[in-house]
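*Asks:*
There are 2 protein chains.
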Amino acid sequence: MTREERRRRTEAAILLAAQEQFAEQGFERTTIRSVAGQAGVDPALVMQYFGSKEQLFGASARWTVDHKMLGSATREELPATALADMFEGFEDDVQRREAALALLRNCLTHPSAAGVMRDDVMCEAQAAVAGTIGGDDAELRAGVLGACMIGVTIARYLLEIPALTGATREDLERVLLPALRQVVDPG
Amino acid sequence: MTREERRRRTEAAILLAAQEQFAEQGFERTTIRSVAGQAGVDPALVMQYFGSKEQLFGASARWTVDHKMLGSATREELPATALADMFEGFEDDVQRREAALALLRNCLTHPSAAGVMRDDVMCEAQAAVAGTIGGDDAELRAGVLGACMIGVTIARYLLEIPALTGATREDLERVLLPALRQVVDPG
DNA sequence: GTCTATATCTTGATAGAC
DNA sequence: GTCTATCAAGATATAGAC
């Protein structure tokens with residue numbers, strides 16, 4: 002293993018540890034020391050690789066909205082597409098889940114996380130679907146769609162409300178999709 | 002003004018300042034010093050009255066769910082009742098709004114706030130309406146109803162998504178109520 | 001009773017030894 | 001290049017003067 006490989010491996014270990022702690026305990030309660038401890042490296046190394054706690058958080062907390070999938074969905078497909086996007090983001094890939102959780106966990110208390118959540122996640126997703134919803138209320142309906150999805154996501158993965166955590170994907174589809182259809186298509 | 006009155010007034014001023022800062026900046030970013038400064042008192046006085054920052058937070062962050070109103074609503078009335086509860090809690094009374102915001106702002110990052118939010122708000126509200134929803138999915142439907150309401154509340158009052166903050170009460174009723182009716186009554 | 005002063009702790013960040 | 005040792009800042013909480 003070359004030195005460059007070792008360096009990349011160490012950096013990846015630090016990043017994963019940081020994502021887990023930011024996702025679980027939030028920004029303020031995770032310390033450089035605790036991240037270094039979990040990653041098995043020296044705290045000074047974390048600073049050397051990432052510069053500051055803020056930059057480490059920026060590299061850790063990410064949310065990827067699938068614009069292509071959302072943008073190409075028809076109005077009838079929108080609810081199912083939005084729900085599928087949630088499942089893909091939070092249950093399929095570990096890396097993506099931890100990064101998204103790290104952002105969502107801190108979006109109410111960390112200034113930059115709040116900005117990313119509002120501008121790069123919510124408003125972007127809203128813009129991607131408002132056109133296919135159409136009508137006078139398009140923006141509002143797109144916003145409500147996103148708000149409901151965020152609420153379900155928070156209740157299920159962060160607050161861990163038993164009724165939500167205990168629901169299967171089919172349960173959620175059965176209960177949620179008809180409601181979301183009413184949001185995107187009042188007719 | 003008697004000494005007891007003065008004491009109560011001072012305590013109320015401290016509590017209001019604490020609620021505003023907990024609601025706006027979150028638990029970690031508000032300090033005893035800043036609360037005392039805004040209230041115009043000495044930091045030591047805050048400690049003397051409330052014991053600790055944790056207890057001050059406990060007294061500041063409160064959420065009152067109107068069980069009576071929710072519990073006595075028919076299934077048809079449930080969506081409108083839930084929405085009315087949100088507006089009453091967040092737009093009518095200043096004290097109640099700041100207390101609720103203080104809890105909501107911190108419910109993802111502060112352990113005790115998370116517990117109160119899950120157990121005393123979400124699960125309580127869920128239990129209050131599950132009976133009137135009925136059917137096999139009653140608990141899940143009640144949970145989804147609460148999750149959507151929380152999502153809209155967060156998007157509107159905390160994340161301040163333009164499409165949500167710009168909506169009037171009538172806008173939200175028009176867009177949201179038909180969807181919530183689908184949640185509580187799939188028939 | 002109120003507040004000044006401070007103890008004690010923890011944090012992010014840095015400098016220099018090896 | 002990695003880590004030991006430490007700095008400087010800021011927090012809660014307390015003890016004692018007035």
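As you go down the protein sequences, you meet chains A and B in turn.
Positions 2 to 188 (the working numbering) are the ones given, in order, by the first sequence.
Positions 2 to 188 (the working numbering) are the ones given, in order, by the second sequence.
The C-beta atom is built at its ideal place from N, Cα and C for all residues, glycine as well.
If you run the structure through DSSP and keep just helix, strand and coil, what is residue 186 of chain A?
*Replies:* Reading the first sequence from its first residue, position 185 is the one you call residue 186 of chain A. Three-state DSSP puts residue 186 of chain A in coil, outside helix and strand.
*Asks:* So, under 8 Å CB-CB, residue 153 of chain A and residue 177 of chain A are touching, yes? Tell me the CB distance rounded to an integer number of Å.
*Replies:* Within the first sequence, the letter at position 152 stands for residue 153 of chain A. Within the first sequence, the letter at position 176 stands for residue 177 of chain A. Right, the Cβ-Cβ distance comes to about 7 Å (below 8 Å), so this counts as a contact.
*Asks:* Measure from the C-beta of residue 155 of chain A to each C-beta in chain B and report whether the shortest distance is under 8 Å.
*Replies:* Residue numbering aside, residue 155 of chain A sits at position 154 when the first sequence is read from its first letter. With its beta carbon less than 8 Å from one in chain B, residue 155 of chain A belongs to the interface.
*Asks:* Work out the CA separation of residue 112 of chain B and residue 137 of chain A for me, nearest whole Å.
*Replies:* For the purposes of this step, residue 137 of chain A is identified with residue 136 of the first sequence, where counting begins at 1. For the purposes of this step, residue 112 of chain B is identified with residue 111 of the second sequence, where counting begins at 1. Taking the straight line from one Cα to the other gives about 42 Å.
*Asks:* Can you tell me which of the three DSSP states residue 28 of chain A falls into?
*Replies:* Counting from one through the first sequence, the residue named residue 28 of chain A turns up at place 27. It is coil, neither helix nor strand.
*Asks:* Using the Cα positions of residue 160 of chain B and residue 76 of chain B, report the straight-line distance between them to the nearest angstrom.
*Replies:* In the second sequence, residue 160 of chain B corresponds to position 159, counting from 1. In the second sequence, residue 76 of chain B corresponds to position 75, counting from 1. Rounded to the nearest angstrom, the two C-alpha atoms are 30 Å apart.
*Asks:* So which of A/45, A/62 and A/87 has the shortest CA-CA distance to residue 116 of chain A?
*Replies:* Counting from 1 along the first sequence, the entry for residue 116 of chain A is found at position 115. Comparing Cα positions, the closest option is A/62.
*Asks:* Starting from residue 149 of chain B and walking both ways along the alpha helix (DSSP H), at which residues does that stretch end?
*Replies:* Counted from its first residue, the second sequence places residue 149 of chain B at position 148. Taken as a continuous stretch (DSSP letters only), the alpha helix (DSSP H) holding residue 149 of chain B covers 139-154.
*Asks:* How would you list, in chain order, the residues of chain B whose beta-carbon sits under 7 Å from the beta-carbon of residue 179 of chain A?
*Replies:* Stepping through the first sequence from its first residue, residue 179 of chain A is reached at position 178. Going along chain B in sequence order, the residues near residue 179 of chain A (Cβ under 7 Å) are 183 and 187.
*Asks:* Please classify residue 147 of chain A as buried or exposed, where buried requires at least 16 other C-beta atoms within 10 Å of its C-beta.
*Replies:* Stepping through the first sequence from its first residue, residue 147 of chain A is reached at position 146. It is buried - the Cβ of residue 147 of chain A has at least 16 other Cβ atoms within 10 Å.
*Asks:* Which parts of the region 64-105 of chain B are runs of the alpha helix (DSSP H), unbroken and 4 residues or longer, counting only runs that do not cross its ends?
*Replies:* 68-73 and 79-88
*Asks:* Return the CA-CA distance between residue 157 of chain A and residue 45 of chain A, expressed in angstroms with no decimal places.
*Replies:* Stepping through the first sequence from its first residue, residue 157 of chain A is reached at position 156. Stepping through the first sequence from its first residue, residue 45 of chain A is reached at position 44. Taking the straight line joining both Cα atoms gives about 36 Å.
*Asks:* Grouping DSSP H, G and I as helix and E and B as strand, with all else coil, what is residue 124 of chain A?
*Replies:* Taking the first residue of the first sequence as 1, we reach residue 124 of chain A at position 123. Helix at residue 124 of chain A.
*Asks:* Counting only the same chain and skipping the five closest in sequence on each side, list residues whose C-beta sits under 8 Å from that of residue 144 of chain A.
*Replies:* One-based indexing of the first sequence puts residue 144 of chain A at position 143. Its chain contains 123 and 127 as the residues whose beta carbon lies nearer than 8 Å to that of residue 144 of chain A, once the 5 sequence neighbours on both sides are disregarded; these appear in chain order.
*Asks:* Between which residues of its own chain and residue 102 of chain B is the CB-CB distance below 6 Å, once the five residues before and five after are set aside?
*Replies:* Mapped onto the second sequence, residue 102 of chain B falls at position 101. Excluding positions up to five away in sequence, the list reads 24.
*Asks:* Among residues of its own chain, excluding the 5 on either side of residue 72 of chain A, which ones have a beta-carbon nearer than 6 Å to its beta-carbon?
*Replies:* For the purposes of this step, residue 72 of chain A is taken as residue 71 along the first sequence, with counting starting at 1. For residue 72 of chain A, where only same-chain residues beyond five positions count, the Cβ hits under 6 Å are 129.
*Asks:* Let me see if you follow: with CB-CB separation under 8 Å, is residue 56 of chain B close to chain A or not?
*Replies:* For the purposes of this step, residue 56 of chain B is taken as the residue at position 55 of the second sequence. Closer than 8 Å: no.
*Asks:* What are the start and end residues of the alpha helix (DSSP H) that includes residue 113 of chain A?
*Replies:* Here residue 113 of chain A refers to the residue found at position 112 when the first sequence is read from its first residue. Residue 113 of chain A -> alpha helix (DSSP H) spans 112-116.
*Asks:* Expressed to the nearest angstrom, what Euclidean distance is found between the alpha-carbon atoms of residue 107 of chain A and residue 29 of chain B?
*Replies:* Numbered from its first residue, the first sequence carries residue 107 of chain A at position 106. Numbered from its first residue, the second sequence carries residue 29 of chain B at position 28. Whole-angstrom Cα-Cα distance: 12 Å.
*Asks:* Within 8 Å of any Cβ in chain B, is that where the Cβ of residue 144 of chain A sits?
*Replies:* Translated into the one-based positions of the first sequence, residue 144 of chain A becomes position 143. Answer yes: the Cβ-Cβ gap between residue 144 of chain A and chain B drops below 8 Å somewhere.
*Asks:* Please list the partners that residue 161 of chain A has in chain B, where partner means a Cβ-to-Cβ separation under 8 Å.
*Replies:* As a first step, residue 161 of chain A is located in the first sequence; it is residue number 160 there, counting from the start. In chain order: 119.
*Asks:* Please identify the residue among A/131, A/47, A/151 and A/16 whose C-alpha is closest to the C-alpha of residue 109 of chain A.
*Replies:* Stepping through the first sequence from its first residue, residue 109 of chain A is reached at position 108. When each option's Cα is compared against that of residue 109 of chain A, the closest is A/151.
*Asks:* Suppose the cutoff is 6 Å on Cβ atoms and the five residues either side in sequence are ignored; what does the same chain contact list for residue 149 of chain A look like?
*Replies:* Against the first sequence, residue 149 of chain A aligns to sequence position 148. So no residue of the chain qualifies.
*Asks:* Please compile the residues from chain A whose C-beta is within a distance smaller than 9 Å of the C-beta of residue 106 of chain B.
*Replies:* Residue 106 of chain B sits at position 105 when you count from the first residue of the second sequence. Ordered by position in chain A, the residues that pass the 9 Å Cβ test against residue 106 of chain B are 109 and 110.
*Asks:* Residues in its own chain within less than 6 Å of residue 182 of chain B by CB, not counting five upstream and five downstream?
*Replies:* Here residue 182 of chain B is taken as the residue at index 181 of the second sequence, counted from 1. So the list reads 80, once near-sequence residues are dropped.
*Asks:* Enumerate in chain order the residues of its own chain whose CB-to-CB distance from residue 31 of chain A is below 6 Å, with the five nearest sequence positions on each side excluded.
*Replies:* Reading the first sequence from its first residue, position 30 is the one you call residue 31 of chain A. Excluding sequence neighbours, residue 31 of chain A sits near 22 and 23.
*Asks:* Whether or not the region 42-57 of chain B and the region 81-98 of chain B are in contact is what I'm after, with contact meaning three or more pairs of Cβ atoms, one per stretch, closer than 8 Å; do they touch?
*Replies:* no
*Asks:* Name the chain B residues that come within less than 8 Å of residue 127 of chain A, Cβ to Cβ?
*Replies:* Along the first sequence, read from residue 1 onward, the residue named residue 127 of chain A stands at position 126. Counting only Cβ-Cβ distances below 8 Å, residue 127 of chain A has contacts in chain B at 162 and 164, in chain order.
*Asks:* Between the Cα of residue 139 of chain A and those of A/180, A/174, A/185 and A/166, spot the shortest distance and give me the residue it belongs to.
*Replies:* If you number the first sequence from 1, residue 139 of chain A lands on position 138. Nearest C-alpha to residue 139 of chain A: A/185.
*Asks:* Which word fits residue 20 of chain B, buried or exposed, when buried means at least 16 other C-beta atoms lie within 10 angstroms of its C-beta?
*Replies:* Within the second sequence, residue 20 of chain B is the residue found at index 19, counting from 1. Classification for residue 20 of chain B: buried.
*Asks:* For residue 132 of chain B, name the three-state secondary structure that DSSP assigns.
*Replies:* Within the second sequence, the letter at position 131 stands for residue 132 of chain B. Reduced to three states, the DSSP call for residue 132 of chain B is helix.
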